[in-house]
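Each remark here refers to the structure printed beneath this line.
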Amino acid sequence: AQSVTQPDIHITVSEGASLELRCNYSYGATPYLFWYVQSPGQGLQLLLKYFSGDTLVQGIKGFEAEFKRSQSSFNLRKPSVHWSDAAEYFCAVGYMEYGNKLVFGAGTILRVKS
Amino acid sequence: GAVVSQHPSRVICKSGTSVKIECRSLDFQATTMFWYRQFPKQSLMLMATSNEGSKATYEQGVEKDKFLINHASLTLSTLTVTSAHPEDSSFYICSAGYPTVSTDTQYFGPGTRLTVL
Numbered sequence: 007a008q009s010v011t012q013p014d015i016h017i018t019v020s021e022g023a024s025l026e027l028r029c030n031y032s033y034g035a036t037p038y039l040f041w042y043v044q045s046p047g048q049g050l051q052l053l054l055k056y057f058s059g060d061t062l063v064q065g066i067k068g069f070e071a072e073f074k075r076s077q078s079s080f081n082l083r084k085p086s087v088h089w090s091d092a093a094e095y096f097c098a099v100g101y102m103e104y105g106n107k108l109v110f111g112a113g114t115i116l117r118v119k120s
Numbered sequence: 691g692a693v694v695s696q697h698p699s700r701v702i703c704k705s706g707t708s709v710k711i712e713c714r715s716l717d718f719q720a721t722t723m724f725w726y727r728q729f730p731k732q733s734l735m736l737m738a739t740s741n742e743g744s745k746a747t748y749e750q751g752v753e754k755d756k757f758l759i760n761h762a763s764l765t766l767s768t769l770t771v772t773s774a775h776p777e778d779s780s781f782y783i784c785s786a787g788y789p790t791v792s793t794d795t796q797y798f799g800p801g802t803r804l805t806v807l
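Read top to bottom, the protein sequences are chains F and A.
The numbering of the first sequence is my numbering, which starts it at 7 and goes up by one.
The numbering of the second sequence is my numbering, which starts it at 691 and goes up by one.
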C-alpha cells in the first residue's frame, strides 16, 4: 500500500536557524508531491507542489522542497525560520492510479524558540 | 485565488441530531471535492470523494448512511452527519480539486469543529 513517512513528530529550531523537514514515500513511479501547513484549529494551506520538471520547487513563505527520486524523498527546507512558522506541516502524495486522492504523512510539529 | 470556505466553523449538537456542513469553492469550479476527518494530534483521514452530479465514493470503513455527501453543483458539496453521537466529535475538513495540467491540486477549507454532547 502507498504510504508517506514523516519521521520527525516534533522539531524545535531557533528563530533564524535553518529548517529541514523530512518526507519519504513509497511508490514506483513519480507521484505528485505536496507540502501543506496547518495552524492550530485551521485548515491546510498549500506551501508548494511538485508534478514534474525541475526537482527543486519554490513555495510560499520562503519554503522550498527538493524531489529526490533515488531516495523517494521530498524534503521541505527554509533557510531562516521565523516565529510565525510554528505550525504543523504535512507532506502529501498523490498517485495517478488513485485519481486525485492524496495520502498524508503523520505530520511534523514545528516549534520555534526565540 | 483557489479559496475554499466551510460553514459552520464550529457546531455543538445533541446526540441523535443531524448536522450539515457546507464546503464551497469560492473562485473556481471543482468537479471533485474531498471530505476528511482529523482526530486530535493526528493526520487527515480521507472519508470520501465527492464528484459533482454523481454519488460519492466512500473510503473503506466509512459508513455512507451516516455520513451523507451531496455535491449538487461545481462549487458546493455538503456533508451531513446523521444521528450524531459523541464518537463523531471531530474536526472535519473539506478540500476542492483545482484543475491543473497533471492533476488537481487540492485546496482546503478552514475546517469545522463538531462536538456532539
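Idealized CB from N, CA, C, for every residue including glycine.
Taking a Cβ-Cβ threshold of 8 Å, the residues of chain F close to A:P800 are Q48, G49, in chain order.
Note that the C-beta distance between F:V87 and F:L27 is not below 8 Å.
At a C-beta separation below 7 Å, F:K55 has these neighbours in chain A: T795. Against F:A112, the close residues of chain A are Q732, S733, in the order they occur along the chain (beta-carbon pairs closer than 9 Å). Assignment of A:K731 by DSSP, reduced to helix, strand and coil, places it in the coil class. From the listed residues A:R714, A:S733, A:V701, A:P698, the smallest Cα separation to A:H761 is found for A:R714. Any Cβ of chain A closer than 8 Å to the Cβ of F:N81 would place that residue at the interface, and such an atom is absent. Chain-order list of chain F residues neighbouring A:T765: empty, with the shortest C-beta distance near 17 Å, by a criterion of under 8 Å. Around A:T772, the same chain offers S708, D755, K756, F757, L758 as residues with beta carbons nearer than 8 Å, after the five sequence neighbours per side are excluded. Taking a beta-carbon distance threshold of 8 Å, F:G100 counts as an interface residue toward chain A. Counted as a single uninterrupted DSSP element, the stretch harbouring F:I15 is not any beta strand (DSSP E), since DSSP gives it neither H nor E. Listed along chain F are G105, N106, K107, each with a C-beta nearer than 9 Å to that of A:T739. Excluding residues up to 5 positions away in sequence, V43, Q44, S45, L116 lie with their Cβ nearer than 7 Å to the Cβ of F:A93 in the same chain. Neighbourhood of F:F96 in chain A, by CB distance below 8 Å: S733, L734, in chain order.
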